[in-house]
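**Q**
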Amino acid sequence: DSGVTQTPKHLITATGQRVTLRCSPRSGDLSVYWYQQSLDQGLQFLIQYYNGEERAKGNILERFSAQQFPDLHSELNLSSLELGDSALYFCASTRDTNTGELFFGEGSRLTVL
Amino acid sequence: GQSLEQPSEVTAVEGAIVQINCTYQTSGFYGLSWYQQHDGGAPTFLSYNGLDGLEETGRFSSFLSRSDSYGYLLLQELQMKDSASYFCAVRSAMKTSYDKVIFGPGTSLSVIP
Chain A
262 DSGVTQTPKH LITATGQRVT LRCSPRSGDL SVYWYQQSLD QGLQFLIQYY
312 NGEERAKGNI LERFSAQQFP DLHSELNLSS LELGDSALYF CASTRDTNTG
362 ELFFGEGSRL TVL
Chain B
14 GQSLEQPSEV TAVEGAIVQI NCTYQTSGFY GLSWYQQHDG GAPTFLSYNG
64 LDGLEETGRF SSFLSRSDSY GYLLLQELQM KDSASYFCAV RSAMKTSYDK
114 VIFGPGTSLS VIP
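Line by line, the protein sequences are chains A and B. Every position in the first sequence, counted from 1, becomes a number in our numbering once 261 is added. Every position in the second sequence, counted from 1, becomes a number in our numbering once 13 is added.
#1: Leu-86/B lies in the beta strand (DSSP E); which residues open and close that run?
#2: Determine the closest residue to Gln-50/B out of Ala-97/B, Pro-118/B, Ile-115/B, with distance taken between C-alpha atoms.
#3: Kindly identify the DSSP beta-bridge partner or partners of Thr-120/B.
#4: Gln-309/A touches chain B at which residues, Cβ-Cβ below 7 Å?
#5: Are the stretch 341-355 of chain A and the stretch 297-310 of chain A touching, with three or more C-beta to C-beta distances below 8 Å?
#6: Beta-carbon of Leu-322/A versus every beta-carbon of chain B: anything under 8 Å?
#7: If you draw a straight line from the alpha carbon of Gly-28/B to that of Leu-337/A, how long is it in whole angstroms?
#8: Any beta carbon from chain B within less than 8 Å of Phe-325/A's own beta carbon?
#9: Can you list the residues of chain B that Phe-330/A reaches, using a CB-CB cut of under 8 Å?
#10: With H, G and I counted as helix, E and B as strand and the rest as coil, what does DSSP make of Gly-66/B?
#11: Counting only beta-carbon atoms, is Leu-304/A nearer than 8 Å to chain B?
#12: Along chain B, which residues have their Cβ under 7 Å away from the Cβ of Ser-288/A?
#13: Going by other Cβ atoms of all chains shown within 10 Å of its Cβ, with 16 needed for buried, is Thr-24/B buried or exposed?
#14: With DSSP as the reference, label Lys-94/B as helix, strand or coil.
#15: Hey, would you say Gly-366/A sits closer than 8 Å to Ser-263/A, going by beta carbons?
#16: In the DSSP assignment, what are the bridge partners of Thr-355/A?
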């Protein structure tokens, strides 16, 4: 158990809909990262937050947005969903960027039908 | 931008040694990490190299040459449970943004009896 909690674990929805994925980082971790992993693909970096502020952006679509709240949990919002958005969405947290060690949650598996 | 290359697949025999290479191109390089991911599971941290040289952690070792933009993960005394995907990840930062962790495409390791 990494200490990072993601909900929901599974989500099935239709094209055009909007969903929100939630991440609670490890206790004390200020940094939260979001990654997308499509079937048999690598981990695509989406966005990073540190203590409530956006720190770095990757290949995140304009239909996607995220935020980190004062209690450090983070939410990833996906809107106008398309079939291609079906993927595993991982959240990771860290407090020690010196080692680059990220602790990953179990992921949220999104299926868009 | 950043790019990382890894072999897509590697097969090795139980008890043997296998090396998974990673080459990268990035600006503002800080370090190279390695992660293991079993099917459908969360990536887990294996090792980190911030400086040139070899880091050893049990059966796993990782090497970095910053001048060659190259690193590798060495797995010794392979076990069946080592069958998984292995990702290298670069931690980098540009002057105008904070650091991000970008993952390579992953190497699928199959350990055979």
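The beta-carbon is built from N, C-alpha and C at its ideal position, and this holds for glycine as well. The structure presented is a predicted model; accordingly, all values stated were derived computationally and were not measured.
**A** Once the coordinates are examined:
#1: 83-88
#2: Of the residues Ala-97/B, Pro-118/B, Ile-115/B, the one whose Cα lies closest to the Cα of Gln-50/B is Ala-97/B.
#3: Looking at the DSSP output, Thr-120/B bridges to Tyr-99/B.
#4: Ordered by position in chain B, the residues that pass the 7 Å Cβ test against Gln-309/A are Lys-113.
#5: Verdict: yes, contact present.
#6: no
#7: 42 Å
#8: no
#9: Here the premise fails: no neighbours, minimum Cβ distance about 19 Å.
#10: strand
#11: Closer than 8 Å to some Cβ of chain B, the Cβ of Leu-304/A qualifies, so yes.
#12: At a C-beta separation below 7 Å, Ser-288/A has no neighbours in chain B, since its nearest C-beta there lies roughly 18 Å away.
#13: exposed
#14: helix
#15: yes
#16: Residue pairing from DSSP places Thr-355/A in a beta bridge opposite Ser-292/A.
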